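Chemist: Heads up: the protein sequence lines correspond to chains H and S, in order.
Residue numbers for the first sequence follow the working numbering, so the first one is 51 and each next one is one higher.
Residue numbers for the second sequence follow the working numbering, so the first one is 8 and each next one is one higher.
Backbone N, C-alpha and C fix where the C-beta goes; we use that ideal spot for every residue, glycine too.
None of the values given here were measured: they were computed from a predicted structure.
Mind having a look at this structure? Questions to follow.
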Amino acid sequence: MDDLFRPEGDWSRLPDVAVLAHRISSLVSNIVAWAVITGAAWLFTNPEPRPTLVAAAAGVAWTAWRVIRAGRWVRSFRYTEREHDLLISHGLWVRKLIAVPYGRMLSVEVTTGPVSRLWGLASVHLVTASSESNAEIPSLPAEDAAVLRDRLIATGEAQALPL
Amino acid sequence: MPPDDAPAVAGDAVASPAPEKRTERPHPLTPLIRGWVVLLAIGVGLGRELLGNLTEDRPLPPITFLIVGFVLVAVAAVVIGFVSWLTTRFVIDADELRIESGILLRRSQRVAFDKVASIDVLQPLAARIFGLAELEIDIGSSARTKLRYLTRSRAYALRDYLLSRAHGHRAEIGEVTTELIELSDLQEPDQVLLRLSPQRIVTGALTSNEFVVLLLTILLTIAAVAAGVAWLPPEATGGRRTGFLGISVAVLALAVSGVSGIVGFVARRITGQFNFTLSRRPSGLRISRGLTSLTSQSVPPRRIQAVELSQSVLWRRLGWFRVEIDVLGQHLHNENDTRASTSSVLLPVAGLDEVRAVLAQLWPGVDFTTIALRPAPFRARWLHPVTGPFLGFGHDDAIVVSRHGWLQRRWQLVPHARVQSVRVSQGPVSRLLGLADLHFDSAGSRLKVRAMGLDAGHVRERQAELIELAQAHRPDLTLDGVGAVPRPVDEGPATTGDDDPSL
């Protein structure tokens with residue numbers, strides 16, 4: 051892929067089950083959203099069938115697109131722990147490369163939701179003082195997530211400058 | 008409700024005989040000042056209702072009914088205000104800062120002295136008439152603790168006491184003996200850095216982009232309406248062509264409201280920024296401003312995350328800048344910097360030398376004007392056709408500077424010590440052009456510092472370099488992490504525990 055977002059190094063990727071998990075959660079959320087939209091269209095344009103059909107068709111197309119993209123997005127996701135910072139790279143249209151120095155890490159959260167729990171997945175979130183950093187690694191196997199969390203905290207503590 | 012004279016909890020380290028806790032109440036006029044707004048609102052609401060009834064020829068409700076209702080509501084408002092005043096007590100002494108309030112839900116809030124980030128003294132007009140002031144304590148959380156209303160001198164005395172306690176000094180609650188100047192509340196140790204003259208405020212308002220936009224909107228509306236009236240189809244006016252008179256009436260009506268809008272805009276700027284004074288005290292910087300309401304806001308330099316200079320089109324000629332700050336934990340908004348409340352504006356209108364002098368107070372040893380800014384590559388103009396020539400980005404070993412904007416030019420400054428993470432992002436068009444953007448995430452909530460249209464070939468080096476610099480600076484409050492000049496502002500006994508834990 052692009053060199054800019056794939057600097058050489060030892061990049062980790064998300065496990066293959068994450069593709070399935072993201073596809074399913076994307077499928078569920080899109081179906082719910084489009085069911086509401088289609089229902090509303092039917093409610094307001096009752097005798098006329100066309101708007102409802104258009105909404106339903108758009109919903110099916112969009113959902114299919116999102117489901118395909120969800121898989122590609124997961125495959126585009128990489129992260130690497132370097133000496134002083136954690137790099138996270140993801141994105142299809144708008145690509146992003148986030149660098150968080152370990153010294154700025156306030157805490158590390160491991161969270162899991164009902165869908166990802168089915169596959170034993172959990173996400174690791176690096177909390178900094180900024181709400182914009184948004185450094186999250188979604189869908190790691192739960193044990194790996196816990197190990198990564200402990201490793202990040204240990205590195206962070208070792209590298210924290212004495213206050 | 009706890010007893011008023013609750014004995015001191017677990018005496019302080021010094022084993023002096025535990026003194027009786029003296030709790031205080033706000034000033035007895037508080038319920039009246041807080042209540043008059045309610046009464047006014049009720050009066051206006053009733054009046055409007057009655058007028059509506061009159062014009063629609065509906066029968067008026069019996070006048071006794073109205074009066075009784077009004078009196079009942081008024082009495083209820085006063086009683087509620089009085090009870091709330093009665094149940095509000097506070098203690099500010101050597102040991103604690105505690106505020107108890109609430110009628111049904113009792114609330115007792117105790118604040119650790121060293122967590123007090125800044126304190127503002129606000130004097131809305133109604134309170135100011137009676138010589139009262141409101142104390143607003145910012146502890147970095149979203150809800151600000153308020154004490155209202157105290158006598159002006161008491162409010163200032165408590166403010167000074169709490170600020171010196173927040174800096175780790177032992178202090179006594181002194182009487183504010185210095186004669187408080189009624190117009191600007193400056194005190195003895197203050198060193199005035201900048202005071203804006205009314206002419207500067209008016210000129211600044213008249214040459215700001217907001218004013219130009221307002222003026223253009225009004226003129227365009229008038230022109231559009233005049234044209235519309237002139238070319239009205241005859242059917243709409245009953246077969247007659249609209250004459251000169253009709254047009255001038257329509258234009259006049261609009262012009263009147265336009266002029267009142269302009270006058271209101273300028274008047275708001277003047278009342279809000281009147282006598283704008285930025286001064287330096289041992290505990291930090293302080294802004295005081297206002298004509299009818301007087302606001303005195305303390306600026307904690309250590310909590311400032313980022314600074315933005317901006318310049319309207321006309322200010323480019325005048326060489327003026329407006330400086331806004333992003334302070335950790337304070338959700339400041341500029342609201343045209345007029346309300347009697349804290350604002351994000353550090354300098355509403357100032358020349359470059361003044362800006363540099365003030366920034367040197369915040370960040371000693373840092374001068375953004377000496378940093379060479381790299382312009383964006385020429386191909387960036389495909390993506391940023393208008394702003395392209397102005398884009399620029401650079402850094403030294405203390406701060407990052409990013410320049411962008413078109414009608415409103417902006418210079419965004421963020422110190423490495425405040426950078427939490429650095430992001431590269433690249434959209435599809437940028438990818439075609441070989442460009443990328445850099446985002447600097449800080450703990451502030453207002454200013455999003457970003458550098459746009461950078462050469463994608465070098466952006467990763469920049470990111471690595473900047474991350475290294477961020478890592479090298481302790482995320483603490485002063486900028487002297489790497490060989491900068493020590494802050495001259497703080498004096499008094501060494502404050503070892505002066506690191507802000509919230510960072």
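1) How would you label S/Val78, buried or exposed, when you count the other beta carbons within 10 angstroms and need 16 or more for buried?
2) Just checking my contact of H/Pro65 with H/Pro188 at CB under 8 angstroms: how many whole Å lie between their CB atoms?
3) Go to H/Asp194, then tell me how far its alpha helix (DSSP H) extends in each direction, as first and last residue.
4) Less than 8 angstroms between CB atoms is the rule here; does H/Glu131 satisfy it with respect to chain S?
5) Within the 8 angstroms Cβ cut-off, does S/Arg467 reach chain H?
6) Locate the alpha helix (DSSP H) running through S/Glu179, then write down its first and last residues.
7) Quick one, which residues of the region 145-177 of chain H are near chain S if we go by CB-CB under 7 angstroms, in chain order?
8) For S/Ser428, which residues in chain H fall below 7 angstroms Cβ to Cβ?
9) Could you check where the alpha helix (DSSP H) with S/Thr71 kicks off and where it finishes?
10) Within 10 angstroms of the Cβ of S/Phe385, are there 16 or more other Cβ atoms? Answer buried if so, exposed if not.
11) Nearest CA to the CA of S/Thr94: which residue from S/Pro307, S/Arg293 and S/Arg113?
12) Which residues of chain H have a Cβ atom closer than 9 angstroms to the Cβ of S/Gly253, listed in chain order?
13) If you reduce the DSSP assignment to three classes, tell me which class S/Lys455 lands in.
14) Would S/Ala450 count as contacting chain H if we go by Cβ distances under 8 angstroms?
15) Which runs of the alpha helix (DSSP H), 4 residues or longer, sit entirely within the region 120-183 of chain H?
16) Please report the distance separating the alpha-carbon of S/Thr394 from that of H/Arg63.
17) Verify the CB distance criterion: does H/Asp200 have a CB-CB separation below 8 angstroms to chain S?
18) Can the beta-carbon of S/Ile126 be found closer than 8 angstroms to that of S/Glu107?
19) With a threshold of 6 angstroms on Cβ separation, who are the neighbours of H/Leu202 within its own chain once the five nearest residues in sequence on each side are excluded?
20) Excluding the 5 residues preceding and the 5 following S/Ile406 in the sequence, name in chain order all residues of the same chain whose CB lies nearer than 6 angstroms to its CB.
21) Between S/Gly297 and S/Gly279, is the Cβ-Cβ spacing less than 8 angstroms?
22) Measure the alpha-carbon distance for H/Phe55 versus H/Arg145 and round it to whole angstroms.
23) For S/Ile229, collect the residues of the same chain with a Cβ closer than 8 angstroms to its Cβ; drop the 5 residues on either side in sequence, then sort them by chain order.
24) By DSSP's criteria, S/Leu292 is part of a beta bridge. Which residues make up the other side?
25) For H/Leu198, tell me which candidate among H/Val160, H/Ala106, H/Gly153 and H/Trp112 has the shortest Cα-Cα distance.
26) Is S/Leu190 buried or exposed, if buried means 16 or more other CB atoms sit within 10 Å of its CB?
27) Tell me, please, which residues DSSP counts as bridged to S/Asp444.
28) For S/Phe89 and S/Pro38, I'd like the C-alpha separation in whole angstroms.
29) Under 7 angstroms Cβ to Cβ from S/Leu325, same chain only, skipping five residues before and after it: list those, please.
30) Between the region 95-128 of chain H and chain S, which residues of the former have a C-beta closer than 8 angstroms to a C-beta of the latter?
31) How would you list, in chain order, the residues of chain C whose beta-carbon sits under 9 angstroms from the beta-carbon of H/His134?
32) Comparing alpha-carbon positions, which option in S/Val408, S/Ile294, S/Ser351 and S/Val466 lies nearest S/Phe283?
33) Counting contacts by CB-CB distance shorter than 8 angstroms, is H/Trp61 in contact with chain S?
34) Am I right that S/Val365 and S/Glu331 are in contact with their C-beta atoms under 8 angstroms? What's the rounded C-beta distance?
35) Using alpha carbons as the reference points, say which of S/Gly253, S/Val356, S/Gly460 and S/Ala212 lies closest to S/Val232.
36) Using C-beta distances below 6 angstroms, list every residue in its chain close to S/Arg363, excluding the 5 sequence neighbours before and after it, in chain order.
Modeler: With the structure as the only source:
1) Here residue 78 of chain S corresponds to residue number 71 of the second sequence, with the count starting at 1. Counting other Cβ atoms within 10 Å of its Cβ, S/Val78 stays below 16 and is therefore classed as exposed.
2) The residue labelled residue 65 of chain H in the question sits at position 15 within the first sequence. The residue labelled residue 188 of chain H in the question sits at position 138 within the first sequence. No, H/Pro65 and H/Pro188 are not in contact; Cβ-Cβ is about 11 angstroms, not under 8 angstroms.
3) Residue numbering aside, residue 194 of chain H sits at position 144 when the first sequence is read from its first letter. Run containing H/Asp194: Ala192 to Gln209, per the alpha helix (DSSP H) assignment.
4) For the purposes of this step, residue 131 of chain H is identified with residue 81 of the first sequence, where counting begins at 1. Not one chain S Cβ lies under 8 angstroms of H/Glu131.
5) Counted from its first residue, the second sequence places residue 467 of chain S at position 460. Output row for S/Arg467: interface = yes.
6) The residue you call residue 179 of chain S lines up with position 172 of the second sequence. Where S/Glu179 is concerned, there is no enclosing alpha helix (DSSP H), given that its DSSP letter is neither H nor E.
7) Considering only beta carbons, the part of the region 145-177 of chain H lying closer than 7 angstroms to chain S consists of Arg145, Lys146, Leu147, Ile148, Ala149, Val150, Pro151, Gly153 and Arg154, in chain order.
8) Start at 1 with the first residue of the second sequence, and residue 428 of chain S comes out as number 421. Under the 7 angstroms cutoff, chain H gives Ile148, Ala149, Val150, Arg154, Thr178, Ser180, Ser183 and Ala185.
9) Residue 71 of chain S sits at position 64 when you count from the first residue of the second sequence. From DSSP, the alpha helix (DSSP H) with S/Thr71 extends over Ile70 to Thr94.
10) Looking up residue 385 of chain S in the second sequence gives position 378. Answer is exposed; the Cβ neighbour count stays below 16.
11) Along the second sequence, read from residue 1 onward, the residue named residue 94 of chain S stands at position 87. In terms of CA proximity to S/Thr94, S/Arg113 leads the group S/Pro307, S/Arg293 and S/Arg113.
12) Residue numbering aside, residue 253 of chain S sits at position 246 when the second sequence is read from its first letter. By Cβ distance, chain H contributes nothing, its closest Cβ being about 43 angstroms from S/Gly253, past 9 angstroms.
13) Here residue 455 of chain S corresponds to residue number 448 of the second sequence, with the count starting at 1. In the three-state DSSP reduction, S/Lys455 falls in the coil class, being neither helix nor strand.
14) Indexing the second sequence from 1 puts residue 450 of chain S at position 443. Interface residue, yes.
15) Segments of the alpha helix (DSSP H) lying fully in the region 120-183 of chain H: 164-168.
16) Here residue 394 of chain S refers to the residue found at position 387 when the second sequence is read from its first residue. Here residue 63 of chain H refers to the residue found at position 13 when the first sequence is read from its first residue. Those two C-alpha atoms are separated by around 38 angstroms.
17) For the purposes of this step, residue 200 of chain H is taken as residue 150 along the first sequence, with counting starting at 1. Contact with chain S is absent for H/Asp200, since none of that chain's Cβ atoms lies less than 8 angstroms from the residue's Cβ.
18) Taking the first residue of the second sequence as position 1, residue 126 of chain S is located at position 119. Taking the first residue of the second sequence as position 1, residue 107 of chain S is located at position 100. S/Glu107 is positioned such that its CB atom lies no closer than 8 angstroms to that of S/Ile126.
19) Walking along the first sequence from the start, residue 202 of chain H turns up at place 152. If the five residues before and after H/Leu202 are omitted, its C-beta is found closer than 6 angstroms to the C-beta atoms of Val158, all from its own chain and listed in chain order.
20) Working through the second sequence from its first residue, we reach residue 406 of chain S at position 399. Answer for S/Ile406: Val373, Leu420 and Pro422, listed in chain order.
21) As a working mapping, residue 297 of chain S is identified with position 290 in the second sequence. As a working mapping, residue 279 of chain S is identified with position 272 in the second sequence. In terms of Cβ geometry, S/Gly297 and S/Gly279 form a close pair [threshold 8 angstroms].
22) Your numbering for residue 55 of chain H matches position 5 in the first sequence. Your numbering for residue 145 of chain H matches position 95 in the first sequence. Between H/Phe55 and H/Arg145, the alpha-carbon positions lie close to 7 angstroms from each other.
23) Mapped onto the second sequence, residue 229 of chain S falls at position 222. Val258, Leu261, Ala262 and Gly265, listed in sequence order.
24) In the second sequence, counting from the first residue as 1, residue 292 of chain S sits at position 285. Its beta-bridge partners are S/Arg287 and S/Val306.
25) Position 148 of the first sequence, counted from the first residue, corresponds to residue 198 of chain H. With distances taken between Cα atoms, H/Leu198 lies closest to H/Val160.
26) Reading the second sequence from its first residue, position 183 is the one you call residue 190 of chain S. A caution first: S/Leu190 carries a pLDDT of 49, below 50, which makes its placement in the model unreliable, though a value can still be read off. Using a 10 angstroms sphere on the CB of S/Leu190, the tally of other CB atoms stays under 16, which defines it as exposed.
27) Here residue 444 of chain S refers to the residue found at position 437 when the second sequence is read from its first residue. S/Ser432, per the DSSP bridge assignment.
28) Within the second sequence, numbered from 1, the residue matching residue 89 of chain S stands at position 82. Within the second sequence, numbered from 1, the residue matching residue 38 of chain S stands at position 31. When rounded, the distance between both Cα atoms is 5 angstroms.
29) In the second sequence, counting from the first residue as 1, residue 325 of chain S sits at position 318. Non-local beta-carbon contacts of S/Leu325 in its own chain, meaning distances under 7 angstroms to residues more than five positions away in sequence, involve Thr214 in chain order.
30) Against chain S - using a Cβ distance shorter than 8 angstroms - the region 95-128 of chain H contributes no residues.
31) Although the question refers to chain C, the structure presented lacks it and instead comprises the protein chains H and S.
32) Locating residue 283 of chain S in the second sequence gives position 276, counting from the first residue. The shortest Cα separation from S/Phe283 among S/Val408, S/Ile294, S/Ser351 and S/Val466 belongs to S/Ile294.
33) The sequence position of residue 61 of chain H within the first sequence is 11, counting from 1. So no, H/Trp61 is outside the interface.
34) Working through the second sequence from its first residue, we reach residue 365 of chain S at position 358. Working through the second sequence from its first residue, we reach residue 331 of chain S at position 324. 12 angstroms between Cβ atoms; not a contact.
35) As a first step, residue 232 of chain S is located in the second sequence; it is residue number 225 there, counting from the start. S/Gly253 is the residue among S/Gly253, S/Val356, S/Gly460 and S/Ala212 whose C-alpha sits nearest the C-alpha of S/Val232.
36) For this step, residue 363 of chain S is matched to residue 356 along the second sequence. None.
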